[in-house]
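In what follows, a structure is listed as structure tokens, so that the remarks can point back to it.
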Amino acid sequence: MPDSQTLGLLIAAMVAGIICFRLFTVLGRRTGQEPSPQPKPSALTPPTPQAAAAAGPSSTGLLDIQLADPSFDTPKFLAGARQAYTQIVNGFAAGDRASLRPLLSPEVYAAFDAGITARTAPIAALVKLQDARIVAAALHGRTAEITAAFAAEFAGHDQNDTVTDVWTFERNLDWTDPNWQLVATSGDLPE
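With my numbering applied, the sequence shown corresponds to residues 6 to 196, in that order.
Structure follows, in structure tokens:
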């Protein structure tokens, strides 16, 4: 008859075998058809340009602005930018320098003022603002900068022309005035 130590060892081996069998059936086994593990980006490494492009050109900048100014609201900004675009274009067409001054930075105001002074013929009137979207955003210290692209329809001689304007607005987040100023204009989308 086997002694008690050998019997205890056999019982322990059987229990270990049952546990191993149960683990194998529960956890499964590799068959070669598993998807390869995807590396997770580290929170400490900056995103690659491809990842930043996939996320959108302004997503990081808008997030930075939102964190610096919790009252910032993207749809509200776009609504204000649309209104500012209409006011500025109509003010420029009418030669209304007084309505332009609070909306423009001094450099942009000087350029608009020179354009009004040099104008010899009436300019095309704004028919309809078709689209406005944010194409870039950045936070430089406490100064937020957002670039928006506007697609607008202007009355031409024979037909209406659709124009794309790219305007950059800026606001110091420490200002109590919630209005943004136009600091740059262009017809080209940023790269």
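Where a beta carbon is used, it is the ideal one built from N, C-alpha and C, also for glycine.
Bear in mind the structure is a predicted one, so any value in this text is a computation, not a measurement.
Bridge partners for residue i per DSSP, in chain order?
i	result
T169	A156
L83	Answer is none; L83 lacks a bridge partner.
L109	L187
As a quick exercise: from the options, pick the residue whose alpha carbon is nearest that of residue i.
i	options	result
Q88	Q135, S76, L67 and A119	Q135
T169	G192, P107, A18 and A160	G192
I139	A84, L32 and L28	A84
E158	V20, A18, S76 and V94	V94
A153	F174, M19, A160 and T167	F174
F82	R176, V113 and A189	R176
A197	N184, V113, D118 and A129	The question about residue 197 has no answer here: the residues shown for the chain are numbered 6 through 196.
A123	T65, P80, F97 and F29	F97
I121	K133, R106 and V132	R106
In three-state DSSP terms, what is residue i?
i	result
D69	helix
N177	strand
A48	Interpretation of A48 is limited by its pLDDT of 39, a score under 50 that renders its predicted location unreliable; the figure taken from the coordinates is listed afterwards. Residue state, collapsed to three classes: coil.
T190	strand
R27	helix
R124	coil
A59	With a pLDDT of 40 at A59, under the threshold of 50, the predicted position of this residue should be treated as unreliable, though the coordinate-derived value follows. In this structure, A59 counts as helix in the three-state DSSP scheme.
R138	strand
A129	coil
T53	Here the model assigns T53 a pLDDT of 42, short of 50, so the residue's position is not dependable and the matter cannot be decided.
L15	helix
F77	coil
Please look up how many angstroms separate the CB atoms of residue i and residue j, rounded, as I've assumed it's under 8 Å.
i	j	result
L144	D69	4 Å
L187	L108	6 Å
A129	G161	6 Å
F155	W172	7 Å
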